[in-house]
Amino acid sequence: MKDEQLRQTGIGAVGDVPWGTHFFLFHETMEDLIDANIPYFQAGLETQELCMWVIADPLTEEEVRYSLKHSIPGFEDHFERRNIDIVRGREWYMTGDDLDLEKVTRGWKQNTDRALNSGYAGFRLSADTAWLDKRRDWKAFCEYEKEVNDSIVDAPMLALCTYPLPGSAAAEILDVARTHQFAIARRNKGWEVVETSQLKQAKAEILRLNNNLERRVIERTSQLTAANEELRRQMAERRRAEEALLTAQAELAHVTRVTAMGELAASIVHEVTQPLTGIVSNGNACLHWLANVPPNVEKARGAVERIIRDTNRASEVIHDIRTLVKKTPPHQEEVDLNDLIYRTLTLANGEMTPEQVELQTDLAADLPSVLGDRVQLQQVLLNLIMNAIEAMRTISGRRLLTIQSAMRDPKSVTVSVHDSGEGIDPQNADHLFDAFFTTKSQGMGMGLSICRTIISAHGGHLSNVANASTGATFEFTLPAHVVKSDNVDIATA
Amino acid sequence: MTPGRHTEGPTNETIFLIDDDLSVREGLAALIESINLPVRSFGSAADFLTTQPVEAGGCIVLDVNMPGMNGLDLQREMNAAGIPLPVIFLTGHGDIPMTVQALKAGAAHFLTKPVRVDELLTAIRQALEMDRKARSERAEMRKLRERLDSLAPRERQVMHLVTSGRLNKQIAHELGISERTVKLYRGQVMRKMGSDSLADLVQQAQKLGPLY
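Read top to bottom, the protein sequences are chains R and A. Position 282, counted from 1, in the first sequence is what this note's numbering calls 282; the numbers after and before it change by one each time, with no gaps. Take any residue in the second sequence, count from 1 to its spot, add 1000: that is its number in this note's numbering.
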């Protein structure tokens, strides 16, 4: 089991290392060897590790103990308690005259187990190889070192291998370097870490990958941030554009409404004049009856009642015109389409009579209301009706305007406006709803385009459904407004 | 539609009001009724024609703009059918060609809505006066024609020649009869035509004009 905590090596250049570190040093003199090992073991003993120093000639156990005792406070006590063992290399590594690496490996295992079982933090060793018969055992030893190097990684164990530099051939140095994680070497009186090329390569590669990764993360993050920013900007821009579009559409709808009102001016005047004629006549009649002796109160009352009725009629027309001309932001309300059809026909009435247009209405009873902007929907109706009247102006036959309201399915309401004119030239049929498309000499070409926009904004659809020599039919469908059953609004026409 | 307020006056005059608009129709009917004139109102020209008003006295107040048969159509129809009632036209937006057409066809007045009450009442009174005069002329004419019809062919010839300024002698010569017989016929003519002087008879002949 590997402790995540780092261990102090006591060797300044190496610093802290994790369990499972296997490194080596080349020493030139005995002083070098002692100089490295004293702080190494002091750090181990102070951090409750089980320590073992495998020494080789010419160092003797006596010399080693002497050096340690003088450098490490309380060393004798540690030694007495066997917190540290000092063994001779030849005895530890060999059985008789032969190298016994299995024994050695077992020894390391036993010491590691002992360390863990006896409450030590782990096992720290330092082993010198000066005793080794290089000519006979070097290859086997290198194999062993490699095995240690591979297996130590998972053990709570630190291993420092020390090799005498004098008399080591270059090939041997390379072998040692290959079988350890890193080396330390004497340089300018201090110790310096010498990385093996593999380690160096690995570290460099990790560093490169890390740097690369970091760079890529930074790059990617900044790209994402920029994309995010751009997206946010586009969304805001889109929202602004949508708002601007809505405003422009409302503006245009208003302009065309006012234009339509202008075209209707004569009709409107007529629609107001009629009740006014009634009012003034009844008023005078009333005065005459009151002047009678005795006054004819009954007749006078009748006249006053008619005055009130006619005044209301005129007011309604004026109210409708005012709402159509007034610039109001679109707002939603429940709209009874049958009622709206009647009101719109009242406005257009003055256009129909002089043209001898016959009117036929076929309005569905119990038509559900729709949710929408009353003014805009009336604008659509007015536009379709005016177009229908206009379409019949040039024909000599019967001029019949048919308006129907129906519920073709439970979820929607359909209104159709049919004229008995000459129908629409198939060449023009595709462009009917285009902005600025008109067949009239004095048309702006915005009417149907705006009508379709309005109906679409209400979640419906406006189209030219039938187109024959007997006339054209325009039809729009709007979603029916569903009212809760305990609050049913019955359409009042 | 409210049925016409039909008050049979001593003069047997009726104002026929024809307008498709309820407010206008009821208002004007009330106004006319309130000055004690009999009024009958109709919602369309066709409704009015079904009442066969050929012999009626009075006048017509007629809206120009109506669905179906409009005011001008009705005026044409009435002229064709020999309905002699004077017509007061009402129009919402009276344009000049329409006014000219109506006046040419014999409209008594052409008023624009909203109508000024005094203007309308004046127009109605004038129209009634016109109608009365026309009716009495028509009555006199009818009487003259009846008298003319009662003359024997010889008496007719004598009347024609007398009123043309011929002397008895000339007439006798022309007809190959005696002067005395001419005098006899002449006396008969004067009696049957109810004339008390030659001047009177000449006037009657002028009124009858080309009819005889």
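All C-beta atoms, glycine included, are put in the ideal place defined by N, C-alpha and C. In this text, all values refer to a predicted model and were calculated from it rather than measured experimentally.
Under the Cβ distance rule, D310 of chain R counts among the residues neighbouring chain A, one pair being separated by less than 7 Å. By the neighbour-count definition (other C-beta atoms within 10 Å, threshold 16), N210 of chain R is an exposed residue. By the rule that beta-carbons nearer than 7 Å mark a contact, Q379 of chain R does not touch chain A.
Close to G1092 of chain A, with beta-carbon spacing below 7 Å, are these residues of chain R in chain order: H270 and T273.
Taking each of R:Y342, R:R301, R:K327 and R:A291 in turn and checking the Cα distance to E316 of chain R, the smallest one comes out for R:Y342. When beta bridges are read from the DSSP output, N464 of chain R appears opposite R:F474.
When secondary structure is reduced to three states using DSSP, S420 of chain R falls in the coil class, being assigned neither helix nor strand. For V304 of chain R, no CB of chain A lies under 7 Å from its own CB, so it is not counted at the interface with that chain.
A185 of chain R is bridged by DSSP to R:F26 and R:E192. Among the residues of chain A, those whose CB is under 8 Å from the CB of N282 of chain R are E1026, G1027, A1030 and L1031, following chain order. Among the residues of chain A, those whose CB is under 9 Å from the CB of I279 of chain R are S1023, G1027 and P1114, following chain order. By the C-beta density criterion, K103 of chain R is exposed, having fewer than 16 other C-beta atoms within 10 angstroms. Under the three-state reduction of DSSP, P1084 of chain A is assigned to coil, being neither helix nor strand. Minimum Cα-Cα distance from G1092 of chain A among the listed residues R:E351, R:N383 and R:H70 corresponds to R:E351. With respect to the C-alpha of S126 of chain R, the residue from R:A56, R:A480, R:A472 and R:E147 having the closest C-alpha is R:A56.
Contact note: V1117 of chain A reaches chain R through V280, S281 and N284, using a C-beta cutoff of 8 Å and chain order.
In this chain, the alpha helix (DSSP H) harbouring P1097 of chain A covers I1096 to K1104. By the neighbour-count definition (other C-beta atoms within 10 Å, threshold 16), D1200 of chain A is an exposed residue. Proximity of the stretch 1023-1040 of chain A to the stretch 1108-1121 of chain A meets the contact definition, three or more beta-carbon pairs being nearer than 8 Å. In this structure, G421 of chain R lies away from M386 of chain R, with their beta-carbon atoms at least 7 Å apart. Buried is the label assigned to E1155 of chain A, since at least 16 other Cβ atoms lie within 10 Å of its Cβ. Between A130 of chain R and P164 of chain R, the C-beta gap is smaller than 7 Å, which places the two residues in contact. For L1062 of chain A, the number of other beta carbons within 10 angstroms of its own is at least 16, and it is reported as buried. Taking a contact as a CB-CB distance under 8 Å, the pair R306 of chain R and G278 of chain R counts as one, their CB atoms being some 6 Å apart.
As computed with DSSP, D362 of chain R is found in a beta bridge with R:Q404. By the 16-neighbour rule on beta-carbons within 10 angstroms, Q5 of chain R is exposed.
For L371 of chain R, the uninterrupted beta strand (DSSP E) segment begins and ends at V370 to G372. Annotation for E1146 of chain A: no beta strand (DSSP E) segment contains it, though the alpha helix (DSSP H) segment containing it runs V1117 to S1150.
C-alpha of S463 of chain R to C-alpha of T470 of chain R: approximately 18 Å in a straight line. Nearest to F1016 of chain A by C-alpha distance, out of A:S1023, A:T1051 and A:R1132, is A:T1051. Annotated three-state conformation of P1114 of chain A is coil, per DSSP.
Inclusion of A1108 of chain A and A1127 of chain A in the CB contact set at 7 Å is warranted, their separation being smaller than that value.
Counting along the chain, the unbroken beta strand (DSSP E) around E1013 of chain A starts and ends at E1013 to I1018. P156 of chain R places its beta carbon less than 7 Å from that of W19 of chain R. Among the bridge pairs identified by DSSP, A127 of chain R is matched with R:V54 and R:C161. Contact check for Q181 of chain R against H27 of chain R fails: the beta carbons are separated by 7 Å or more.
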